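In my numbering, the protein residues as written are 74 to 290.
Backbone N, C-alpha and C fix where the C-beta goes; we use that ideal spot for every residue, glycine too.
The model shown is predicted, which means the values in this text are computed figures rather than measured ones.
Notes to accompany the following structure.
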């Protein structure tokens with residue numbers, strides 16, 4: 074069991090550290106609304122992961138494995154949501170680039186709607202729940218580390234909890250680091266480029282998700 078946990082911890086760490094939509098959203102919302110907004114976004118992500126872990130343990134997420142229509146609908150909804158987030162980031166960058174307000178006003182504007190706790194939480198949760206690849210991860214990746222003779226559903230919950238804890242720790246660190254460098258990141262020029270990069274990356278994730286073929290039977 075110890076060997077399985079250590080192997081899973083290493084594999085999970087490599088997956089978690091790879092930049093993805095969750096990382097970008099926590100970074101963006103931290104810069105816009107401070108450390109609290111970043112942590113609330115991370116809580117939304119963890120809520121999504123928890124629901125996927127429970128669904129996988131109960132066998133509910135297996136429906137996506139046998140239903141092409143359900144998988145494709147969730148995939149396209151997730152892609153549309155990521156693209157919408159990316160477009161809004163590009164729109165924010167454009168508005169800041171054409172605005173005439175001074176640096177103090179520009180920085181104050183960062184604390185507007187996107188940093189509200191409810192919206193930040195939904196950003197994290199919806200981007201996670203609308204990604205069918207997370208369901209595939211919990212169905213296919215976790216059982217591979219279940220020791221022989223152990224209950225797949227129960228041990229999968231243990232591994233899922235471990236993955237969620239690691240993800241939460243990493244996203245909390247991301248929010249803390251972004252908040253520490255927030256003075257530099259909130260400079261108008263840096264903020265515009267950060268919004269542009271975030272927008273392009275999120276749109277890229279959305280397009281990749283929309284065009285990705287189904288890779289499991």
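Ranked by Cα distance from residue 224, the options 236, 97, 131 are led by 131.
Between the stretch 103 to 117 and the stretch 196 to 212, the count of C-beta pairs closer than 8 angstroms reaches three or more; the two stretches touch. The alpha-carbon separation between residue 191 and residue 111 amounts to approximately 12 angstroms. By the beta-carbon neighbour count (other beta carbons within 10 angstroms, threshold 16), residue 162 is buried. Here residue 205 carries a helix assignment [DSSP, helix/strand/coil].
Spanning the alpha carbons of residue 222 and residue 212 requires a straight line of approximately 18 angstroms.
According to the DSSP assignment, residue 81 belongs to the alpha helix (DSSP H) that extends over 75 to 90. Sequence-distant partners of residue 277 (beyond 5 residues in either direction) whose C-beta falls short of 6 angstroms from its own C-beta are missing from its chain. Residues 237 of the same chain have their beta carbon placed closer than 7 angstroms to that of residue 123, with the five preceding and five following residues left out of the count.
For residue 189, the secondary structure class from DSSP, reduced to helix, strand or coil, is coil. Apart from the 5 residues on each side of it in sequence, residue 102 sits with its Cβ closer than 6 angstroms to the Cβ of 110, 111, 114, 193 in its chain, given in chain order. Listed in chain order, the non-local C-beta contacts of residue 244 below 7 angstroms within the same chain comprise 95, 99, 115, 118, local neighbours out to five positions each way being set aside.
DSSP, reduced to helix, strand and coil, places residue 222 outside both helices and strands of the structure shown, so it counts as coil.
In the three-state reduction of the DSSP assignment, residue 233 falls in the helix class, which pools H, G and I. For residue 96, the enclosing alpha helix (DSSP H) begins and ends at 94 to 106.
Per DSSP, reduced to three states, the secondary structure at residue 164 is helical. For the pair residue 279 and residue 91, the CB atoms are not nearer than the 9 angstroms cut-off.
Shortest Cα-Cα distance from residue 148 to any of 196, 227, 79, 209 involves 209.
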